[in-house]
């Protein structure tokens, strides 16, 4: 799905996916999958937070060597998300009475913090940690750059570091039975941040509302 840059952040992507949801339900389907770059906060917010898709699958170099301006020079790693369209989770997120999306302040009040710390660099860039922290809790917050496209344009080497760090991070998490169940995009005090919520344990999707 592509939206012209002039019309992004206007709700068109959500409206298109909602129309697709209504159509495929009439066709008797209950499961849709697609892929997206896990480092793109805008896509993560739509797919996970707004639409209610979940993810347990990381695909390395899914599309091979891509040469377009957005992907050139980086492995085309992708999340494959699962959209279980008849679950209460998805129905609630697509309804006109959907719950507000998570904010960092909401989870901070519960004591939940990102389970690794980013290093701030000049130019509003952030560097991932050199090593993965232990996966000790049932709920984890995994932070990514709020604007990976901007980061890549300023420091390509850093963008590659992020690709390989998040590859190890999410492949390890999925191997340990974590599920990506939400995404937080917060722009508090003009300081945007993007964080995945990872949940561990055997639970039904309807629990992750």
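In our numbering, the protein residues as written are 10 to 218.
Cβ atoms here follow ideal geometry from the backbone N, Cα and C, with glycine treated the same way.
Beta-bridge pairing of residue i - partner residues as DSSP gives them
{"i": "residue 93", "result": "40"}
{"i": "residue 207", "result": "149, 189"}
{"i": "residue 136", "result": "128"}
{"i": "residue 123", "result": "150"}
Exposure of residue i, with buried meaning 16 or more beta-carbon neighbours within 10 Å
{"i": "residue 191", "result": "buried"}
{"i": "residue 174", "result": "buried"}
{"i": "residue 81", "result": "exposed"}
{"i": "residue 86", "result": "buried"}
{"i": "residue 207", "result": "buried"}
{"i": "residue 64", "result": "buried"}
{"i": "residue 198", "result": "exposed"}
{"i": "residue 172", "result": "buried"}
{"i": "residue 52", "result": "buried"}
{"i": "residue 126", "result": "exposed"}
{"i": "residue 109", "result": "exposed"}
{"i": "residue 203", "result": "buried"}
{"i": "residue 34", "result": "exposed"}
{"i": "residue 117", "result": "exposed"}
{"i": "residue 21", "result": "exposed"}
{"i": "residue 154", "result": "buried"}
Given residue i as reference, the closest of the options once Cα atoms are compared
{"i": "residue 144", "options": "118, 136, 124, 134", "result": "124"}
{"i": "residue 150", "options": "157, 189, 68", "result": "189"}
{"i": "residue 67", "options": "197, 84, 33", "result": "84"}
{"i": "residue 193", "options": "100, 54, 103, 32", "result": "54"}
{"i": "residue 177", "options": "197, 142, 201, 97", "result": "142"}
{"i": "residue 147", "options": "139, 88, 209", "result": "209"}
{"i": "residue 134", "options": "159, 59, 98, 195", "result": "159"}
{"i": "residue 181", "options": "162, 140, 199", "result": "140"}
{"i": "residue 25", "options": "48, 36, 56, 45", "result": "56"}
{"i": "residue 62", "options": "201, 21, 100, 109", "result": "100"}
{"i": "residue 50", "options": "152, 162, 179, 170", "result": "152"}
{"i": "residue 115", "options": "21, 48, 195", "result": "195"}
{"i": "residue 201", "options": "161, 162, 157", "result": "157"}
{"i": "residue 162", "options": "79, 122, 205, 98", "result": "79"}
{"i": "residue 60", "options": "103, 46, 121", "result": "103"}
Any C-beta of chain D under 8 Å from that of residue i
{"i": "residue 160", "result": "The structure shown contains no chain D; it holds only a single protein chain."}
Inset, instruction - Inspect the CB distances between the stretch 185-204 and the stretch 163-170 and report whether three or more fall short of 8 Å. - result: no
Legend entry - Continuous beta strand (DSSP E) assignments of at least 3 residues falling wholly in the stretch 146-204: 148-153, 187-195
Inset, instruction - Quick one: which unbroken alpha helix (DSSP H) runs of 4-plus residues sit fully inside the stretch 49-93? Chain order, please. - result: 50-53
Legend entry - Touch test, the stretch 34-42 against the stretch 84-95, Cβ-Cβ under 8 Å, three pairs minimum: yes
Inset, instruction - Could you say if the stretch 123-133 and the stretch 75-84 meet the contact criterion of at least three C-beta pairs nearer than 8 Å? - result: no
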